[in-house]
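Residue 4 is where the sequence shown starts when you use the numbering used here, and the numbers rise one by one after that. C-beta atoms are modelled at their ideal positions from N, C-alpha and C, and glycine is treated no differently. Below is one structure, written out as structure tokens; comments come after it.
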Amino acid sequence: LLLSSVPEMKQGWLEKTLTTREAKAGIAREVKITERGCPFVERCPVAIPEICSNERPPLQTPASGHIFACQHSP
Numbered sequence: 004l005l006l007s008s009v010p011e012m013k014q015g016w017l018e019k020t021l022t023t024r025e026a027k028a029g030i031a032r033e034v035k036i037t038e039r040g041c042p043f044v045e046r047c048p049v050a051i052p053e054i055c056s057n058e059r060p061p062l063q064t065p066a067s068g069h070i071f072a073c074q075h076s077p
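So this is what it looks like as structure tokens:
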């Protein structure tokens with residue numbers, strides 16, 4: 004019973020987590036610092052194009068105490 008609870012080792016499991024060429028190469032896309040809009044709008048998977056491209060994101064401090072800037076609430 005105890006031996007059957009040991010997870011099976013699978014080759015290639017880590018490689019499957021890297022899905023993009025950028026992630027595989029360790030390349031981060033450029034961050035554009037501008038007077039308006041979020042600097043991460045080009046690479047953010049949850050960006051709202053009309054808002055994030057034109058409005059600076061508000062600073063937020065959730066219960067964890069970390070400060071971040073985003074149009075989305077935590």
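Residue 6 sits in a helix when the DSSP states are folded into three classes. Our two residues, residue 34 and residue 46, have alpha carbons roughly 8 Å apart in a direct line. In this structure, the CA atom of residue 51 is about 22 Å from the CA atom of residue 69.
Our two residues, residue 41 and residue 67, have alpha carbons roughly 22 Å apart in a direct line. Judged by beta-carbon spacing, residue 55 lies beyond the 9 Å limit of residue 63, meaning their Cβ atoms are not closer than that value.
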